[in-house]
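Take any residue in the sequence shown, note its place counting from 1, add 20, and you have its number in the working numbering. Using N, Cα and C, we set each Cβ at its ideal position, and we do this for glycine too. This structure is a prediction, so every number in the text was calculated from the model and none was measured.
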Amino acid sequence: MLTRPDIPGTAVAGGDVSVTISDGIGTITFSHYKGNSPPAALLARLADAIDWLGKDSAARVILLRSDGNGPFCAGASFDELIGIADADAGEEFFSGFARVILAMIRSPKFVLVRVQGRTAGGGVGICAAGDYTFAVRTASAKLSELAVGIGPFVVGPVIERRIGQGAYSAMAVDADWRDAEWSERHGLFARIFTDVASMDAAINALAGTLAASNPDAMSAMKRVFWAGTEQWEALLAERARTSGTLVLSEFTRAAIAKFKAR
Numbered sequence: 021m022l023t024r025p026d027i028p029g030t031a032v033a034g035g036d037v038s039v040t041i042s043d044g045i046g047t048i049t050f051s052h053y054k055g056n057s058p059p060a061a062l063l064a065r066l067a068d069a070i071d072w073l074g075k076d077s078a079a080r081v082i083l084l085r086s087d088g089n090g091p092f093c094a095g096a097s098f099d100e101l102i103g104i105a106d107a108d109a110g111e112e113f114f115s116g117f118a119r120v121i122l123a124m125i126r127s128p129k130f131v132l133v134r135v136q137g138r139t140a141g142g143g144v145g146i147c148a149a150g151d152y153t154f155a156v157r158t159a160s161a162k163l164s165e166l167a168v169g170i171g172p173f174v175v176g177p178v179i180e181r182r183i184g185q186g187a188y189s190a191m192a193v194d195a196d197w198r199d200a201e202w203s204e205r206h207g208l209f210a211r212i213f214t215d216v217a218s219m220d221a222a223i224n225a226l227a228g229t230l231a232a233s234n235p236d237a238m239s240a241m242k243r244v245f246w247a248g249t250e251q252w253e254a255l256l257a258e259r260a261r262t263s264g265t266l267v268l269s270e271f272t273r274a275a276i277a278k279f280k281a282r
């Protein structure tokens, strides 16, 4: 018996994750009042939701989206980040996005991602881990980790795989925004649209087509897409340890405090 990873109508750590299934399309919606920047409890629920839909035969394709018209995902929770007290807690914190990314790429079903606004840090990793990512033309992406004294270690492998080493390195080094056209050109976004309505129409069309497609063929395609990632559980755990150690430095704590004060 599968257990739903969400309890409709309840919130977790100032946010929520909801799951619905309709006409073969499993939709996961996450939200948080601070720019959809999910804390650890919300990331855990998000990873569980992806795993759950991957096992539910009623869902033949997964759509991952965030709530509202603002940012898609502003990255990690700075409130939790600044409260990390030791290396083990740091590793556990940075493992949150690792679990979401691994759940996405290990799912036997295609994961479509809907991006309605800006996305940063771990949110860029979610975009890269999607099998097909839609975005509006006003969306943009940024790897801001170096600006707060760490680096995009956990999300790096999936972003580099998606857009290539050169583009990933540039994003990681200059910590600047990339617009939707750049993101589409480099493969982070599969398609971009002038507005949310046209994006949602395209999402519904593709999701409907995929829901009627051969699940065995899609599962086999998914394995091909993500071949070569078999060691990523160990790799991302190592990257989480690196970030978890760096976040304890005085330099990083000061940088995070300064960033929060903006």
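Under three-state DSSP, which class holds L163? Here L163 sits in coil by DSSP.
Worksheet item: Taking the C-alpha atoms as reference points, what is the distance between W252 and E111?
Response: Straight across, the Cα-Cα distance linking W252 with E111 is about 15 angstroms.
Kindly indicate which three-state DSSP category Y53 falls into: helix, strand or coil?
-> In this structure, Y53 counts as coil in the three-state DSSP scheme.
Q: Excluding the 5 residues preceding and the 5 following A200 in the sequence, name in chain order all residues of the same chain whose CB lies nearer than 8 angstroms to its CB.
A: Within the same chain, and ignoring the five residues on either side of A200 in sequence, the residues whose Cβ sits closer than 8 angstroms to its Cβ are A155, V156, R157, T158, A159, S160, F209, I212.
Return the bridge partner residues of T153 from the DSSP annotation.
DSSP links T153 through a beta bridge to V133.
Q.
Only counting the same chain, and skipping five residues up and downstream in sequence, which positions put a Cβ closer than 8 angstroms to that of A344?
A. Beyond the ends of the chain as shown, which are 21 and 282, falls residue 344; an answer cannot be given.
- prompt: Got a sec? Which residues, its chain only, sit under 6 angstroms from P172 by beta carbon, not counting five neighbours each side?
  reply: For P172, where only same-chain residues beyond five positions count, the Cβ hits under 6 angstroms are L163, E165, A192.
Residues of its chain near R119, where Cβ-Cβ distance is below 8 angstroms and the 5 sequence neighbours each way are ignored
Within the same chain, Cβ atoms closer than 8 angstroms to the Cβ of R119 are found at L63, A64, A67, the five residues on either side in sequence being excluded.
- prompt: What do you reckon, are the CB atoms on A140 and A107 nearer than 7 angstroms?
  reply: Contact: no.
* To do: Starting from R119, follow its DSSP beta bridges and name the residues at the other end.
  => DSSP output for R119 lists no bridge partner at all.
Margin query: Could you check whether A105 and I70 sit closer than 7 angstroms to each other, using their CB atoms as the reference points?
Written below: No. Outside cutoff.
- request: Determine the contact status of F114 and A260, defining contact as a CB-CB distance below 7 angstroms.
  value: In this structure, A260 lies closer than 7 angstroms to F114 by Cβ.
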